[in-house]
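Have a look at the structure below, then the notes.
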Amino acid sequence: MDDAAPQKPDPDDIDVTPITPTARVQSPTHGGRAKCLQRLVRLDLPVPRTVALSFRTVHRIAAGRLPDIDALLAEFNPGALLCVRPSSEDPDWGGPGAVLNVGMNAAVLERLSAQIGVDAAHRLYLRFVQGYAIHVARLDPDVFEEIDAETPVTGLRTALAAYEEEAEEPFPDSPAVQLAAVLRSMARAWEGTSARLLRQGKGAPADAGLGLVVQEMALGLGPGECGSGVLQLVNPQTGLPQITGRYLSQSQGRDALRQGAGSLYLERDPRGPSLEELAPAAFAELLRHADLMRRRLRAEMQIEFTIENGRLHILDGIVVPMTSRAAVRTAVRLAEDGIITREEAILRVEPRALSELLHRQVAPDARRDTIGRGVAASPGAATGRIVFTAADAQALAARDEPCILVRRETSPEDVRGMHAAVAVLTEKGGMTSHAAVIGRGLGLPCVVGAGRMRFHPRRRMLVSEDGRTFQEGDAITVDGTSGTVLAGAPPMVEAMLDDSFRTLMSWADAARDIDIRANADTPADAQTARNFDAGGIGLCRTEHMFFEPGRLTVMREMIFAETAADRRAALEQLLPMQRDDFVQLFRIMTGLPVCIRLFDPPLHEFLPTDRAGLRDLAEALSLPVSDVTRRVENMGEYNPMLGMRGVRLGVTVPEIYDMQARAIFEATLEASRDGAPVVPEVMIPLVSTPREVEIVKTRIDAVAAAVRVEHGRDFTYRLGVMVETPRACLLADRIAQHAHFLSFGTNDLTQMTYGLSRDDAGRFMSDYVSQHVFDEDPFHVLDTEGVGALLKIGLARGREGRPGITASICGEHGGNPESIAFCRAAGFDYVSCSPFRVPVARLAAAQLAI
Ligand code: PEP
Ligand code: MG
């Protein structure tokens, strides 16, 4: 083809479609608003005449190719005023503001003055000139916004003169010229770079299109009852059925929603006249239409309407924007009313939004004075006084004063302080750092890695990102949902677990096909897991049981024991404590599996880090502080996460696992007394070779045999292996031969696959994500390419070695919807996550199965 030849006009390029019940109007070509208006037309609602312009048409307009404007005008009543509105595929992507009263000129002014009164007609014209000047001609808004609309006759004169002066041409009189300019300016506004970046930030694709709808205006001003408003049948905050909205006499567009607009109430109200009193027939009709829209559009809809001399016009409908709690109630009620199916109700709630229901949150409309940002490590929000030590947190909690524990990072010594605090803020750390894991387990709001704030624990001072100083005792708010720190105490909304929530979750459980267990370390966690209907405990990190007051010192005595006999003596003290915990866990989880992991963390983590800790330990061991300090230094490791931890302790200091196995088996016998026999699951961490499993298994079997003989009673148990090193994935076939189940620890596996410290990655993670080195924090969302490849190899080889072996994921990824999708597709039997994430995981799993 000759390049220079003129292109043949493509008739599809210009698509100006009057909205009729049968017109070809679709969301992906004309936008959601156009499609919704067509549905309203099909329902035979009183919608003013409307014409839709497709995405392609609007794109052409932006490039300078206009449709036939005279033909477009001919679709409407002669001399009618028009309104032009944006229609993008997803209303959340925004778009240019609507322009009202297009077509206004001297002749229309004269006609309307006779029809609706001089003042009202001038008001319409003035409004048009103001909107046109600012949004279409892009003149200085200050000049036009100042003009007084209360004196519309002089106001209009001023506005027209100002237009002529600023634009250096008279205000256009021709409706065709006006409409063409409005269409062109809206089309171009959509294609501008800042608008594109803004909507891409909301998830719109780079080439998202804009449609436009041109609608004949219902005026809302004039004699009789005239006005405009919005109405919906649901309270958008609570989701409870309630007629809500605003109405303002003698107004148009969304005037009624403007603050201080002095709107009237919709229903009879002692505070003032209501629409129901002013225009009872129109109000009754509006309610009928609202109900019809709810049933036929299968959603709670917000209706934009105008009353013109008592006559109702429906201009538009959008799905009511609501809070998460309202979304849950609405989905369930629509399903219970038979409007949508249960499956649709499940699909309509965003799993992550459930976290908002499980915790207190900063009120959505609260003013936020943000002083710092970090990783949103554990959801929910809490306000309290700043404290810098665990001891101070406990002291304040004892006086019933809520406090926020602010630390550079947390260690086992801080756990008591974390229990006492209402929220935690740390300078360092990422999604799987100590503070994050414990915070999620406790349901405690937590922001970690807020490295752009400055932490001065010695000076008891915290400096915000913008340089403001906060002292110990000052009130701040940690918002672990958004990962922000706020000054002061913004208003909050309470957690809500009502019947709708439970109903939705029961529907989700019926739909899903992958099990969800909880990571629960203490009886309190187990109770939370049970309350959230977890299918069992997938990971009990037993070391967390040693963080309680009293136990830590015994634990340290055990670590410092010089002989096996001394070590056994300390372990004997720990044995009854562990046994009691396990009995409680088994009882709380009656009928459900409980998987207990043997001691995993580096012993290094249990060493005292400050003088007070060293002194306490010296006292307990009756040794001079200097001796204890030396031994602490000797036991320190350069790289504790790759050092003396997990099964390596089981092999080299076997007394610890012996004690834990005994505690588990004695608790098994104890808890089996009251009912069905308990079958505990015992799990070995950080394995990298089959021989480790053999050695530990032999000892555990021996402990089991001894307990059976001593108690004269039998029991069974299931032995499992945590696959969390790359080598364990590669050797999973041989490892599986010694195990009943394999549980993949994706936290350590991610750490070791990337060679990335889970405790330090928070420092640069935001840079890595913002520069697209990583799509997401891999400790948060499973890296399906790299870590995922190892998981698949491990799973396949494990099942080769032992067909049908139970396989699961118990890293923090277990609560992440994208990661659950991967696990389900790969064929894992269950995922295990923090108790507070169990509902999110249950819903996400159900959505995958639908
Ligand atoms: C893991 O590594 O994924 C895991 C669950 O164990 P932890 O987080 O306790 O190391
Ligand atoms: Mg691990």
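Read in order, the letters of the sequence shown correspond to residues 1 to 850 in UniProt numbering.
Every residue, glycine too, gets a C-beta built ideally from N, C-alpha and C.
The model shown is predicted, which means the values in this text are computed figures rather than measured ones.
Check: D777 C-beta below 7 angstroms from any heavy atom of the ligand FAD
Ligands present in the displayed structure are limited to the ligand PEP and the ligand MG, and the ligand FAD is not among them.
Taking only the alpha-carbon atoms, compute the straight-line gap between D15 and P351 and give it to the nearest angstrom.
39 angstroms
From P640 to G712, what does the alpha carbon distance come to, in whole angstroms?
42 angstroms
Report the three-state DSSP secondary structure of V723 (helix, strand or coil).
strand
Taking a contact to mean a Cβ-Cβ separation below 8 angstroms, would you say A826 touches L791 in this structure?
yes
Does residue 928 come out as helix, strand or coil in the three-state DSSP assignment?
Because the chain here runs from 1 to 850, residue 928 falls outside it and cannot be looked at.
CB contact flag (R295, I339, <8 angstroms)
yes
Say the cut is 7 angstroms; is the CB of residue 899 nearer than that to a heavy atom of the ligand MG?
For the chain, the structure presents residues 1 to 850; residue 899 sits outside this window and is missing.
Could you check which residue in L156, L160, V99, A208 has the C-alpha nearest to that of A180?
V99
For the candidate residues H740, V723, F665, whose alpha-carbon lies nearest to that of A706?
F665
Go ahead and pull the three-state DSSP assignment for A261.
Reliability of the predicted coordinates at A261 is poor, the pLDDT of 47 falling under 50, and no value is obtained from them.
Spatial neighbours of A204 in its chain, beta-carbon cut-off 6 angstroms, leaving aside the 5 residues before and after
W93
Only counting runs of 3 or more residues, tell me where the beta strand (DSSP E) segments fall wholly within the segment 534-599, in order along the chain.
537-541, 594-597
Cβ neighbour criterion (16 or more within 10 Å) applied to E427:
buried
Give me the Cβ distance between T746 and L782, rounded to the nearest whole Å; I'm assuming they're in contact under 8 angstroms.
6 angstroms
8 angstroms Cβ cutoff met for V102 and C83:
yes
D759 beta carbon near the ligand MG (any heavy atom closer than 7 angstroms):
no
Which listed residue (L444, A195, R691, G550) has its alpha carbon closest to that of P379
L444
Measuring alpha carbon to alpha carbon, tell me which of A529, A63, E308, V47 ends up nearest G317.
V47
Counting only the same chain and skipping the five closest in sequence on each side, list residues whose C-beta sits under 6 angstroms from that of R85.
A98, V213
Beta-carbon proximity of Q660 to F599, cut-off 8 angstroms:
yes
Where the beta carbon is closer than 7 angstroms to any heavy atom of the ligand MG, which residues qualify, in chain order?
D600, P685, L686, M722, E724, G745, N747, D748
Examine chain C for any beta-carbon lying closer than 8 angstroms to the beta-carbon of T652, and answer yes or no.
Absence of chain C from the displayed structure is noted, only one protein chain being present.
Is the separation between the beta-carbon of E494 and that of R360 shorter than 8 angstroms?
yes
Where does the unbroken alpha helix (DSSP H) through Y657 begin, and where does it stop?
655-672
Can you give me the C-alpha to C-alpha distance between C226 and R246, rounded to a whole angstrom?
14 angstroms
Could you tell me which whole beta strand (DSSP E) segments of length 3 or greater appear in the segment 729-767?
741-744
Cutting at 7 angstroms between CB atoms, please list the residues of its own chain near Q26, excluding the five before and the five after it.
K35
Would the C-beta of V415 count as close to the ligand PEP, meaning under 7 angstroms from any of its heavy atoms?
no
Classify D581 as buried or exposed, calling it buried when 16 or more other Cβ atoms lie within 10 Å of its own Cβ.
buried
Taking 7 angstroms as the limit between beta carbons, can you name the residues of its chain near T609, skipping five residues before and five after?
S411, E413
Answer with buried or exposed for Q200, where buried requires no fewer than 16 other C-beta atoms within 10 angstroms of its C-beta.
exposed
Kindly identify the DSSP beta-bridge partner or partners of D369.
The partner list for D369 (beta bridge, DSSP) is empty, contrary to what the question assumes.
With A475 and R385 assumed to form a contact (beta carbons below 8 angstroms), what rounded beta-carbon distance in angstroms separates them?
6 angstroms
Beta carbon of R541: closer than 7 angstroms to some heavy atom of the ligand PEP?
yes
Buried or exposed by the 16-neighbour rule on C-beta atoms within 10 Å, applied to G650:
buried
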